[in-house]
């Protein structure tokens, strides 16, 4: 039986919270509304369809890319939407690599003129880029440009939101985008539905995000997801406070492995030694991906199938 939470609303940066609000068919208008605050007007979405979050590559080395959300607009536009809870080495490389899958999948057999639909990779980041930490800008739109800083290709865009930099108070919100970013940061701190959020889309969000409306199973899944989110933040905060430079990556790996094994044992029972050894070989990126998948697994076979892909 889940223990009661003090918060009225869920944390949208947890895996459960993000998928519940943005990743289900009845809640699709919420995702469309949020994305349209980030997209240029000529690519605003009217309707979209959820696609499988797993996109397979062309070679065994590619394995597969696993996105939090993967959607397609009515004109063929592809949208990758991810939350990123902690810094990773080569995060930008990973973003470019993942964006290549929605490009490659558009290839047609036989004669094809190479015309591509636009691809957007949107990252909601719960951290700040090292190279932008002294810059107050929290929204970054990245495009392919030439030496004159003119857009060379406008069908591939990366949008990154550094949420910790968004410091506006409730009374300082001036745009619809401000409202969404405020809720992404502060929804669990709210006890009611403040005046700036009386639009139908936000009233729908509050209804969906209210923990009291969850079934016991949903409450338990959310609490597990929230615990993982808090534990991961604690790992990052501890590393930062200790100021370790040498061996920092290995320290994070070890803490992440320990956390994942505790979650798996609680969910699925004692882990066989061969499975433990497989988990020990995972990179930090794959460990975080496994952490997000733990709560969807119902048996040891699910875990073994997931590990076979790595």
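In full-length UniProt numbering, the protein residues as written are 1 to 310. We put the beta carbon where it would ideally sit given N, CA and C, even for glycine. Please read these numbers as outputs of a predicted model, since none were measured by experiment.
Starting from the C-beta of residue i, find all residues in its chain whose C-beta is less than 8 Å away, skip the five residues before and the five after it, and write them out in chain order.
i           : result
residue 257 : 279, 280, 282 and 287
residue 259 : 228, 231, 232, 235 and 291
residue 172 : 178
residue 88  : 94, 284, 285 and 288
residue 272 : 300
residue 209 : 9, 10, 12, 17, 20, 21 and 187
State the CB to CB distance for the pair residue i and residue j, rounded to an integer number of angstroms; the pair is presumed to be in contact (CB under 8 Å).
i           : j           : result
residue 190 : residue 161 : Not a contact, Cβ separation roughly 20 Å.
residue 300 : residue 184 : Actually they are not in contact, since the Cβ atoms of residue 300 and residue 184 sit about 35 Å apart, beyond 8 Å.
residue 83  : residue 121 : At roughly 13 Å, the Cβ-Cβ gap does not stay under 8 Å, so residue 83 and residue 121 are not in contact.
residue 11  : residue 194 : Not confirmed; about 17 Å, so no contact.
residue 211 : residue 78  : So it is not a contact: roughly 33 Å between Cβ atoms.
residue 35  : residue 21  : Between residue 21 and residue 35 the Cβ distance is about 13 Å, and since that is not below 8 Å, they are no contact.
residue 156 : residue 119 : 5 Å
Can you find the residues in the same chain that come closer than 6 Å, C-beta to C-beta, to residue i, ignoring five residues on each side of it along the sequence?
i           : result
residue 151 : 143 and 145
residue 47  : 74
residue 307 : 278
residue 23  : 69
residue 123 : 82, 84 and 160
residue 1   : With a pLDDT of 42 at residue 1, under the threshold of 50, the modelled position of this residue cannot be trusted; read the value that follows with caution. Answer for residue 1: no residue qualifies.
Can you give me the start and stop residues for the alpha helix (DSSP H) that residue i sits inside?
i           : result
residue 291 : 284 to 293
residue 312 : Here the chain comprises residues numbered 1 to 310, so residue 312 is not present and cannot be evaluated.
residue 95  : 91 to 104
residue 19  : 15 to 22
residue 276 : 273 to 280
residue 39  : Taken as a continuous stretch (DSSP letters only), residue 39 belongs to no alpha helix (DSSP H), as it is neither H nor E.
residue 185 : 176 to 186
CA-CA distance, residue i and residue j?
i           : j           : result
residue 45  : residue 76  : 11 Å
residue 222 : residue 16  : 6 Å
residue 117 : residue 216 : 42 Å
residue 255 : residue 159 : 30 Å
residue 70  : residue 103 : 13 Å
residue 42  : residue 6   : 42 Å
residue 267 : residue 295 : 8 Å
residue 198 : residue 225 : 28 Å
residue 175 : residue 112 : 42 Å
residue 154 : residue 137 : 22 Å
residue 220 : residue 214 : 9 Å
residue 245 : residue 204 : Low per-residue confidence applies at residue 245: pLDDT is 40, beneath 50, and the placement is therefore not dependable, though the value from the model is reported in the following sentence. Taking the straight line joining both Cα atoms gives about 45 Å.
residue 37  : residue 261 : 39 Å
residue 135 : residue 298 : 44 Å
residue 94  : residue 264 : 26 Å
residue 98  : residue 218 : 30 Å
residue 304 : residue 275 : 7 Å
residue 131 : residue 270 : 42 Å
residue 86  : residue 51  : 25 Å
residue 96  : residue 105 : 15 Å
residue 27  : residue 164 : 26 Å
residue 253 : residue 147 : 40 Å
residue 311 : residue 33  : Only positions 1 to 310 of the chain appear in the structure, and residue 311 is not among them; the question remains open.
residue 206 : residue 114 : 43 Å
In terms of residues, what are the limits of the beta strand (DSSP E) holding residue i?
i           : result
residue 49  : 48 to 50
residue 155 : 151 to 162
For the ligand SAH, any of its heavy atoms closer than 6 Å to the Cβ of residue i?
i         : result
residue 9 : The ligand SAH is absent from the structure shown, which contains no ligands of any kind.
Looking at the strands, I want to know which residues DSSP matches up with residue i.
i           : result
residue 125 : 84 and 162
residue 78  : 72 and 119
residue 144 : 153
residue 139 : 161
residue 210 : 9
For residue i, which residues in the same chain have their Cβ closer than 7 Å to its Cβ, ignoring the five residues on either side in sequence?
i           : result
residue 60  : Because the pLDDT of residue 60 is 41, which lies under 50, any placement of that residue in the model is unreliable, and the question is left without a value.
residue 302 : none
residue 72  : 48, 49, 51 and 78
residue 141 : 157 and 159
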